[in-house]
Amino acid sequence: MSFDVAAEAYDGFMGRFSAPLAVSFADFARLPAEGRALDVGCGTGALTAVLARRFGETEIAAVDPSESFVAAMTQRFPWADVRHGHAEALPFDDHLFAATLAELVVHFMTDATAGMREMLRVTRPGGVVAACVWDFAGRRAPQRTFFEGLAAVIDDIDDETDRVGASEGELVTLLWDAGCTDVEEAELTVAVEYGDFDEWWASYGHGVAPAGRQLTALSAEDRDRVQEQCARLLGTGPFTIAATAWAARGVVPGQI
Ligand SMILES: C[S@@+](CC[C@H](N)C(=O)[O-])C[C@H]1O[C@@H](n2cnc3c(N)ncnc32)[C@H](O)[C@@H]1O
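For what it's worth, numbering that gives the first Met the number 0 labels the leading residue of the sequence shown as 0, then goes sequentially.
Right, here's the structure in full:
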């Protein structure tokens, strides 16, 4: 799925969640002490920033298919090796990285099996490959209240529950099947505060991700109805939205 939106729109929508998630995700991944790290599907750089703090700025590479995100990344992280590309055909040589991570990306890959194999290919033996995806199937993603409001107004919504990696154990299976050893899974939870309902609602209005896209495709009348439904569910605020992701990490087999 393409993310042809401004970096600032993404930051105000999912970036609020992906920034704190990146810290827990990197902790969970038990990153090697040194080497290079790759952020696959880097978006606007939430995880890139964390990896840079842990590995050092000059050791970081990032890749994303979105032109607007790659442009923003190049400005924000001029020292990083930022490239345009897809997980399914990573534009990097074999065994380059000590750690290759994908935060909130697997469920958007057109071929998650190929994407995961590519993540292993570019990682050195003994290196770490890790991924995380919101628990859409368990209704614990940040967008769950929005999807509830949307479903009350229109039929056949895409609430992302069927996407690869959005259920317990799916990322683990992908990592094993790609050839990782020592695969482990965990739940990662973050909480984000909103000053009021309007702040929360505005973040959906920029057409970011399946939630924002479905909203902006509606008539003005239906948008108002979704807003009313969501306001009924959330109240005027302030409130905190907690969200939980499934995360899995594995080790690339072979001699270091
Ligand atoms: C929800 S955003 C996550 C961005 C970032 N990792 C974060 O945690 O904020 C999903 C990202 O995956 C990227 N993406 C979509 N399809 C992809 C693919 N096949 N390979 C790599 N990245 C992809 C999108 O462009 C977008 O930047």
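Glycine is no exception: its CB is placed at the ideal position from the N, C-alpha and C atoms.
Three-state secondary structure (DSSP) of residue i
{"i": "His205", "result": "coil"}
{"i": "Thr122", "result": "strand"}
{"i": "Cys179", "result": "coil"}
{"i": "Cys41", "result": "coil"}
{"i": "Gly211", "result": "helix"}
{"i": "Asp158", "result": "coil"}
{"i": "Gly249", "result": "strand"}
{"i": "His106", "result": "helix"}
{"i": "Trp78", "result": "coil"}
{"i": "Asp134", "result": "coil"}
{"i": "Val22", "result": "helix"}
{"i": "Val128", "result": "strand"}
{"i": "Phe238", "result": "strand"}
Rounded Cβ spacing between residue i and residue j (contact assumed at less than 8 Å)
{"i": "Thr99", "j": "Thr73", "result": "Between Thr73 and Thr99 the Cβ distance is about 20 Å, and since that is not below 8 Å, they are no contact."}
{"i": "Ser17", "j": "Leu103", "result": "6 Å"}
{"i": "Met237", "j": "Gly194", "result": "Met is not the amino acid found at residue 237; the sequence shown has Pro there. Indeed, because the Cβ distance is near 5 Å, the residues count as touching under 8 Å."}
{"i": "Leu89", "j": "Glu58", "result": "Going by Cβ atoms, the distance from Leu89 to Glu58 rounds to 17 Å, so no, they are not a contact pair."}
{"i": "Val69", "j": "His83", "result": "5 Å"}
{"i": "Arg139", "j": "Thr235", "result": "Rounded, the Cβ-Cβ distance is 23 Å, inconsistent with contact."}
{"i": "Ala136", "j": "Thr160", "result": "5 Å"}
Nonlocal neighbours in the same chain, by C-beta distance under 6 Å from residue i, ignoring five residues either side
{"i": "Ala129", "result": "Ala28, Leu100 and Arg248"}
{"i": "Glu192", "result": "Thr239"}
{"i": "Trp199", "result": "Tyr193"}
{"i": "Arg120", "result": "Asp93"}
Own chain partners of residue i with C-beta closer than 7 Å, once the 5 adjacent residues on each side are dropped
{"i": "Gly14", "result": "Thr43 and Ala45"}
{"i": "Trp78", "result": "Glu56 and Thr57"}
Identity of the residue in the options nearest residue i by Cα
{"i": "Ser67", "options": "Asp221, Gly40, Leu119 and Ala5", "result": "Ala5"}
{"i": "Asp134", "options": "Glu87, Val250 and Ala185", "result": "Ala185"}
{"i": "Leu50", "options": "Ser65, Glu7, Ala32 and Asp63", "result": "Ala32"}
{"i": "Gly253", "options": "Asp181, Asp92 and Leu232", "result": "Asp181"}
{"i": "Glu183", "options": "Ala60, Ala8, Asp10 and Val250", "result": "Val250"}
{"i": "Ala52", "options": "Glu147, Ala21 and Ala136", "result": "The sequence given here places Arg at residue 52; Ala does not occur at that position. Residue Ala21 is the option with its Cα nearest to Arg52."}
{"i": "Asp221", "options": "Leu233, Gly164 and Ala150", "result": "Ala150"}
{"i": "Val39", "options": "Met115, Phe196, Ala219 and Asp26", "result": "Met115"}
{"i": "Pro209", "options": "Leu37, Arg143, Phe24 and Glu227", "result": "Arg143"}
Closer than 8 Å to chain C by CB, residue i
{"i": "Leu233", "result": "In the structure shown, chain C cannot be found, because there is only a single protein chain."}
Whether residue i touches residue j by CB criterion (8 Å)
{"i": "Val225", "j": "Val152", "result": "yes"}
{"i": "Arg75", "j": "Phe54", "result": "no"}
{"i": "Cys229", "j": "Phe96", "result": "no"}
{"i": "Val127", "j": "Leu170", "result": "no"}
{"i": "Phe167", "j": "Trp245", "result": "The amino acid occupying residue 167 in the given sequence is Glu; Phe does not appear at that position. Taking 8 Å as the Cβ cut-off, Glu167 and Trp245 qualify as a contacting pair."}
{"i": "Gly204", "j": "Leu214", "result": "yes"}
{"i": "Gly211", "j": "Phe12", "result": "yes"}
Chain-order list of residues whose beta-carbon lies under 8 Å from that of residue i (same chain, five-residue window excluded)
{"i": "Leu173", "result": "Val105, Ala111, Thr112, Met115, Ala130, Val163, Gly164 and Ala247"}
{"i": "Cys41", "result": "Thr47, Ala61, Val62, Asp63, Phe68, Met72 and Val81"}
{"i": "Asp3", "result": "Ser65, Glu66 and Ser67"}
{"i": "Glu87", "result": "Met108, Thr109, Asp110, Ala113, Gly114 and Glu117"}
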